[in-house]
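Peer 1:
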Amino acid sequence: MSVNIKLEFLGGLDVIFNSERYHKVTVPSTNASTPLILRDLIKYIVDNMIKDPKDIEVFIENDTIRPGILTLINDTDWELEGEEEYVLESGDVISFTSTLHGG
Amino acid sequence: MSVNIKLEFLGGLDVIFNSERYHKVTVPSTNASTPLILRDLIKYIVDNMIKDPKDIEVFIENDTIRPGILTLINDTDWELEGEEEYVLESGDVISFTSTLHGG
Amino acid sequence: TFEPSTSLTLEEYTRYGRQLTVSQFQSIPGQLSLKNSKILVIGAGGLGCPALLYLTGAGVGKIGIVDDDVVDISNVHRQVLHDTTRVGWFKAESAEWYLRRLNPNVDIQTYCYRLDPLNAFDIFQEYDLILDCTDSPHSRYLINDVACLTGKTIVSGSGVRTEGQLSILNFRNSGPCYRCFYPSPPPPNSVTSCKDGGVIGPVIGLVGVMMALEAIKVLTGWYTEETFKPFLGLYSGYDGLSQSWKCFKMRGKKKECIACGDASNEGKLTRELIQSGAIDYEVWCGVINYNVL
Amino acid sequence: TFEPSTSLTLEEYTRYGRQLTVSQFQSIPGQLSLKNSKILVIGAGGLGCPALLYLTGAGVGKIGIVDDDVVDISNVHRQVLHDTTRVGWFKAESAEWYLRRLNPNVDIQTYCYRLDPLNAFDIFQEYDLILDCTDSPHSRYLINDVACLTGKTIVSGSGVRTEGQLSILNFRNSGPCYRCFYPSPPPPNSVTSCKDGGVIGPVIGLVGVMMALEAIKVLTGWYTEETFKPFLGLYSGYDGLSQSWKCFKMRGKKKECIACGDASNEGKLTRELIQSGAIDYEVWCGVINYNVL
Ligand SMILES: [Zn+2]
Ligand SMILES: [Zn+2]
């Protein structure tokens with residue numbers, strides 16, 4: 005079953021997503037018997053939302069989210085929610101934020 | 005049918021609610037055939053949540069919310085949502101905020 | 004006299020370079036908009052101090068400061084533009100002293116007296132944007148009414164104890180005004196001032212900084228009549244995991260508003276009505292007293 | 004020498020009266036906690052300026068300021084504690100000049116050189132709380148590592164363009180640290196500084212003011228080991244109806260963290276390791292270079 009997700013790209017990450025911070029996406033099911041997990045969403049984002057292949061390395065390194073980007077599931081650190089194994093539910097808000105260093 | 009509502013008392017209004025800004029309440033149905041509306045919630049708050057009768061006039065004047073207090077329904081001004089006639093739904097967040105004047 | 008400028012000096016490019024490169028600021032046209040703007044900051048206290056610091060830093064062309072109060076030692080913990088050496092000075096002149104050092108490009112004008120129904124119209128007409136940094140409901144109604152009648156947008160902030168509020172009122176004469184939000188003034192006993200209620204310095208400071216940013220957005224054209232949506236922001240310094248901010252979507256302009264609504268409204272305010280003393284701003288927070296008419 | 008104080012002078016009661024009466028501030032014990040506290044502010048730039056203004060105003064006993072940079076005209080739009088007349092001064096000394104006027108009760112100590120692995124430990128040991136107001140990832144890793152090894156809490160802020168972030172790290176040695184959040188440094192080409200990216204003055208200013216409030220909360224005991232929950236705040240100056248703030252619930256301390264985790268960890272940092280130069284903070288943002296060991 006597909007799920008409807010709200011995506012947030014914060015801390016300047018929006019530059020690789022058409023300069024839009026907020027997106028609504030419907031992630032299609034890949035297999036009727038297995039629920040969609042966060043790993044599927046990341047693959048969906050890379051395959052469908054990053055227009056310029058050069059930008060993929062801004063978001064992904066070694067097949068996961070690049071160091072310096074935090075992933076949040078419904079306002080909570082993904083480490084507390086199972087990281088890439090987190091089972092997506094319709095209505096979830098998934099945020100990605102690049103770390104800022106300026107001062 | 006009863007509804008579950010999240011209440012927020014902001015701008016110092018929490019002082020008459022045990023100094024707690026956030027409350028979860030279940031408003032019981034008064035009549036099975038009529039849906040609960042915001043007016044019922046206000047009556048519920050006055051009857052059940054304001055301990056000290058002297059505090060009622062901080063919240064209510066002429067049978068409605070006192071001038072200087074704004075009422076917000078799911079982050080939107082109640083004037084855009086039907087004011088006291090708004091039909092409550094479980095999960096609604098109703099905020100009341102006293103106006104601040106200091107500077 | 005204030006001549007509109009169509010270019011930046013080399014000093015200005017250097018001074019403002021870091022903000023100029025941020026796309027939302029609108030680049031050189033954004034800087035020129037600030038340079039050609041005149042803003043009036045009413046109240047040089049907990050809100051006015053940080054707002055003045057950042058707006059002077061950013062390069063607004065002319066800034067008027069209205070405050071009849073003098074610096075007291077109990078102000079300085081939060082009114083950080085004043086310092087201990089200037090206790091006893093008029094706040095407007097104390098602010099001017101530092102702001103001229105901060106950015107000599109900015110034309111600072113001080114008004115060391117109280118804004119009132121008789122002087123407000125002439126002062127407002129000199130400016131493009133009003134910052135309401137005052138601390139009482141009666142001044143908020145007076146500022147609102149005069150701004151509506153002179154066609155000025157207001158950036159309005161307030162705060163007490165650990166909380167603050169922020170709004171833009173009468174945006175380009177098309178957004179709602181203070182009376183649209185609060186048609187009836189609050190009962191006099193319900194009002195808490197900083198003096199009575201106390202206030203944490205960074206809490207009121209944060210609201211003042213937010214006001215500076217909203218003023219920059221208004222002046223640089225970030226908000227247009229199409230994109231501006233009426234809002235009320237609520238900040239709390241001690242809430243949730245650390246601090247909280249909620250931004251509520253608010254009602255539009257009310258046709259029946261006596262300040263900004265249709266001219267045909269019964270009881271619609273006019274300059275003459277306000278200056279006649281018919282509206283008792285001091286005691287009744289802007290209620291019309293028809294007895295004096 | 005810094006003698007703990009058990010009472011407030013009459014001047015202090017008057018000066019701090021407005022914050023003392025706010026219940027969250029913890030009244031006189033809260034003020035005494037500030038008076039008896041020593042904080043180190045690293046970086047007197049866009050974050051440090053407002054943080055220093057409000058913390059000096061609030062009456063922290065001793066404030067150290069570390070910055071090797073000098074005031075440039077391009078700083079002044081956002082670094083409002085410096086002014087045009089002090090361009091060319093060390094930022095730490097320019098800050099000191101104004102802060103002493105603001106509140107002569109506060110003991111200001113300046114360090115007009117760069118924080119590095121050799122000097123950091125001795126400086127940190129003089130203070131109770133560290134404010135990281137720096138502008139590069141390598142200084143953030145260095146500050147984090149030294150704070151963890153000397154047992155200091157860090158209030159950490161950052162910002163660029165229109166956004167900012169806020170966190171409390173290594174809270175009382177029990178909360179997570181910067182390396183718990185970011186075990187691997189970002190690729191060097193992914194880092195944008197204010198110089199490259201630009202920054203809106205009130206945006207970075209707001210984060211600095213928030214840092215001051217978080218520092219006050221830590222020092223006055225508002226947060227305890229029971230009530231503190233790790234968080235990361237994200238501010239955006241141009242978002243939603245006006246401005247936005249999200250506060251995320253974050254992971255706890257990681258046992259395997261090389262800075263704050265169990266002492267038995269392989270590769271666990273020590274003062275000796277850091278001072279030997281084995282960790283290349285400048286180029287690799289705190290990656291251990293085992294070749295030099
Ligand atoms: Zn109106
Ligand atoms: Zn750690």
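Protein chains in written order, with the working numbering: chain A, 5 to 107; chain B, 5 to 107; chain C, 4 to 296; chain D, 4 to 296.
Note that beta-carbon positions come from the ideal geometry of N, C-alpha and C, so glycine has one too.
How is C/Leu132 classed by DSSP in three states: helix, strand or coil?
Peer 2: Numbered from its first residue, the third sequence carries residue 132 of chain C at position 129. Looking at C/Leu132 - three-state DSSP - the assignment turns out to be strand.
Peer 1: Rounding to the nearest angstrom, what Cα-Cα distance links D/Arg143 and C/Gly62 in this structure?
Peer 2: The sequence position of residue 143 of chain D within the fourth sequence is 140, counting from 1. The sequence position of residue 62 of chain C within the third sequence is 59, counting from 1. Cα to Cα, the separation comes out at about 31 Å.
Peer 1: From what residue to what residue does the alpha helix (DSSP H) around D/Leu56 run?
Peer 2: Residue 56 of chain D sits at position 53 when you count from the first residue of the fourth sequence. From DSSP, the alpha helix (DSSP H) with D/Leu56 extends over 51-61.
Peer 1: Does D/Tyr226 pass the burial test, meaning 16 or more other C-beta atoms within 10 Å, or should it be called exposed?
Peer 2: As a position in the fourth sequence, residue 226 of chain D is number 223, starting the count at 1. Burial call: buried.
Peer 1: Using only the alpha-carbon positions, how far apart do A/Ser94 and C/Leu172 sit?
Peer 2: Counting from one through the first sequence, the residue named residue 94 of chain A turns up at place 90. Counting from one through the third sequence, the residue named residue 172 of chain C turns up at place 169. Roughly 38 Å between the two C-alpha positions.
Peer 1: Taking only beta carbons into account, state which residues of the segment 83-103 of chain B come closer than 7 Å to chain C, listed in chain order.
Peer 2: Glu83, Leu84, Thr101, Thr103
Peer 1: Closest Cβ-Cβ distance between C/Tyr19 and chain D: below 8 Å?
Peer 2: The residue given as residue 19 of chain C occupies position 16 in the third sequence. By this cut-off, C/Tyr19 is an interface position.
Peer 1: Under 8 Å between C-beta atoms, does B/Thr75 make it to chain C?
Peer 2: For this step, residue 75 of chain B is matched to residue 71 along the second sequence. Cβ-Cβ to chain C under 8 Å: no for B/Thr75.
Peer 1: Do D/Thr153 and D/Phe124 count as a contact pair if the criterion is CB distance below 8 Å?
Peer 2: On the fourth sequence, residue 124 of chain D is found 121 positions in, with the first residue counted as 1. On the fourth sequence, residue 153 of chain D is found 150 positions in, with the first residue counted as 1. The beta carbons of D/Phe124 and D/Thr153 sit closer together than 8 Å.
Peer 1: Look at the alpha carbon of C/Leu312 and the alpha carbon of B/His105, and state the distance between them as a whole number of angstroms.
Peer 2: Here chain C covers residues 4 to 296 and nothing more, so residue 312 of chain C does not appear.
Peer 1: Going by DSSP in three states, D/Ser196 sits in which element: helix, strand or coil?
Peer 2: One-based indexing of the fourth sequence puts residue 196 of chain D at position 193. Here D/Ser196 scores only 49 on pLDDT, less than 50, and its place in the model is too uncertain to base an answer on.
Peer 1: Closer than 7 Å, Cβ to any Cβ of chain B: which residues of the segment 113-145 of chain C, in chain order?
Peer 2: Per Cβ criterion, the list reads Cys136, Thr137, Asp138, Ser139, Pro140, Arg143.
Peer 1: By Cβ distance, which residues of its chain are closer than 6 Å to A/Val91, with the 5 residues on each side in sequence left out?
Peer 2: Taking the first residue of the first sequence as position 1, residue 91 of chain A is located at position 87. So the qualifying residues of the chain are Pro39, Ile41.
Peer 1: How long is the line joining the alpha carbons of C/Phe127 and B/Glu61, rounded to whole angstroms?
Peer 2: Mapped onto the third sequence, residue 127 of chain C falls at position 124. Mapped onto the second sequence, residue 61 of chain B falls at position 57. So the two alpha carbons sit approximately 37 Å from each other.
Peer 1: Using C-beta distances below 7 Å, list every residue in its chain close to C/Ser8, excluding the 5 sequence neighbours before and after it, in chain order.
Peer 2: For the purposes of this step, residue 8 of chain C is taken as the residue at position 5 of the third sequence. Excluding positions up to five away in sequence, the list reads Leu35, Lys38, Asn39.
Peer 1: Using 8 Å as the Cβ pair cut-off and three pairs as the minimum, do the segment 108-119 of chain C and the segment 68-83 of chain C touch?
Peer 2: Cβ pair count under 8 Å is three or more, so yes.
Peer 1: Do A/Arg70 and D/Asp242 have their CB atoms nearer than 8 Å?
Peer 2: Along the first sequence, one-based indexing puts residue 70 of chain A at 66. Along the fourth sequence, one-based indexing puts residue 242 of chain D at 239. Their beta carbons are not under 8 Å apart, which means A/Arg70 does not touch D/Asp242 by this criterion.
Peer 1: If you measure from the beta carbon of D/Ile66 to each beta carbon in chain A, is any gap under 8 Å?
Peer 2: If you number the fourth sequence from 1, residue 66 of chain D lands on position 63. No, its Cβ sits nowhere closer than 8 Å to a Cβ of chain A.
Peer 1: Closer than 8 Å, Cβ to any Cβ of chain A: which residues of the segment 142-173 of chain D, in chain order?
Peer 2: Arg143, Gly160, Ser161, Gly162, Val163, Arg164, Glu166, Gly167, Gln168
Peer 1: Under a CB-based cut-off of 8 Å, is B/Tyr57 close to chain C?
Peer 2: Translated into positions along the second sequence, residue 57 of chain B becomes position 53. Looking at the sequence shown, residue 57 of chain B is not Tyr but Pro. Judged by the 8 Å Cβ criterion, B/Pro57 is not in contact with chain C.
Peer 1: Less than 8 Å between the C-beta atoms of C/Thr165 and C/Gly240, yes or no?
Peer 2: Reading the third sequence from its first residue, position 162 is the one you call residue 165 of chain C. Reading the third sequence from its first residue, position 237 is the one you call residue 240 of chain C. Result yes, Cβ atoms of C/Thr165 and C/Gly240 sit closer than 8 Å.
Peer 1: I'd like the span of the alpha helix (DSSP H) that includes C/Leu145, first residue to last.
Peer 2: If you number the third sequence from 1, residue 145 of chain C lands on position 142. Per DSSP, C/Leu145 belongs to the alpha helix (DSSP H) from 140-153.
Peer 1: Regarding D/Arg18 and ligand 1, is the C-beta to nearest heavy atom distance less than 7 Å?
Peer 2: On the fourth sequence, residue 18 of chain D is found 15 positions in, with the first residue counted as 1. The answer is no for D/Arg18.
Peer 1: Measure the beta-carbon distance from C/Arg89 to C/Ser97 and round it to whole angstroms, keeping in mind my assumption that it falls under 8 Å.
Peer 2: Within the third sequence, the letter at position 86 stands for residue 89 of chain C. Within the third sequence, the letter at position 94 stands for residue 97 of chain C. Right, their Cβ atoms sit about 4 Å apart.
Peer 1: Taking the C-alpha atoms as reference points, what is the distance between D/Ile45 and C/Val286?
Peer 2: As a working note, residue 45 of chain D is residue 42 in the fourth sequence. As a working note, residue 286 of chain C is residue 283 in the third sequence. Rounded to whole angstroms, D/Ile45 to C/Val286 spans 49 Å at the Cα level.
Peer 1: Just the chain C side, please: which residues come within less than 8 Å of D/Pro107 by C-beta, in chain order?
Peer 2: Locating residue 107 of chain D in the fourth sequence gives position 104, where the first residue counts as 1. Residues of chain C passing the Cβ test: Thr87.
Peer 1: I need the straight-line Cα distance from D/Cys197 to B/Asp44, nearest angstrom please.
Peer 2: Numbered from its first residue, the fourth sequence carries residue 197 of chain D at position 194. Numbered from its first residue, the second sequence carries residue 44 of chain B at position 40. Low local confidence applies: a pLDDT of 47 at D/Cys197 is under 50, so the model's placement there is unreliable, with the coordinate-based value given in what follows. Whole-angstrom Cα-Cα distance: 53 Å.
Peer 1: Taking 7 Å as the cut-off, does the CB of C/Arg182 come closer than this to any heavy atom belonging to ligand 1?
Peer 2: Counting from one through the third sequence, the residue named residue 182 of chain C turns up at place 179. Yes - ligand 1 has a heavy atom lying nearer than 7 Å to the Cβ of C/Arg182.
Peer 1: Would the beta-carbon of C/Cys260 be found less than 7 Å away from any heavy atom of ligand 1?
Peer 2: What you label residue 260 of chain C is simply residue 257 of the third sequence in a count that begins at 1. Yes, Cβ of C/Cys260 sits closer than 7 Å to a heavy atom of ligand 1.
Peer 1: So is C/Lys94 in contact with chain B if we call contact Cβ pairs under 8 Å?
Peer 2: Taking the third sequence and counting its residues from 1, the one referred to as residue 94 of chain C is at position 91. Judged by the 8 Å Cβ criterion, C/Lys94 is not in contact with chain B.
Peer 1: Regarding C/Gly264 and ligand 1, is the C-beta to nearest heavy atom distance less than 7 Å?
Peer 2: Numbered from its first residue, the third sequence carries residue 264 of chain C at position 261. Yes, Cβ of C/Gly264 sits closer than 7 Å to a heavy atom of ligand 1.
Peer 1: Between D/Gly48 and chain C, is any beta-carbon pair separated by less than 8 Å?
Peer 2: In the fourth sequence, the residue the question calls residue 48 of chain D occupies position 45. Taking 8 Å as the threshold, the shortest C-beta distance from D/Gly48 to chain C does not fall below it.
Peer 1: Please go through the same chain and pick out, in chain order, the residues whose beta-carbon is closer than 6 Å to the beta-carbon of D/Lys271, but skip the five residues on each side of it.
Peer 2: Counting from 1 along the fourth sequence, the entry for residue 271 of chain D is found at position 268. Within the same chain, D/Lys271 has close Cβ partners Ile261.
Peer 1: Among the residues of its own chain, which have a CB less than 6 Å from the CB of C/Glu275, if the five just before and after it don't count?
Peer 2: The residue you call residue 275 of chain C lines up with position 272 of the third sequence. Cβ neighbours of C/Glu275 beyond the five flanking positions: none.
Peer 1: Is there at least one Cβ from chain C nearer than 8 Å to D/Ser196's Cβ?
Peer 2: Residue mapping note: residue 196 of chain D aligns to position 193 of the fourth sequence, counting from 1. Residue placement at D/Ser196 cannot be trusted, given a pLDDT of 49 that sits under 50; what the coordinates show is reported in the next sentence. Look at D/Ser196: its C-beta is not under 8 Å from any C-beta on chain C.
Peer 1: Using the beta-carbon count (16 or more within 10 Å), is B/Met5 buried or exposed?
Peer 2: In the second sequence, residue 5 of chain B corresponds to position 1, counting from 1. A residue is called buried when at least 16 other Cβ atoms come within 10 angstroms of its Cβ; B/Met5 does not meet this threshold and is exposed.
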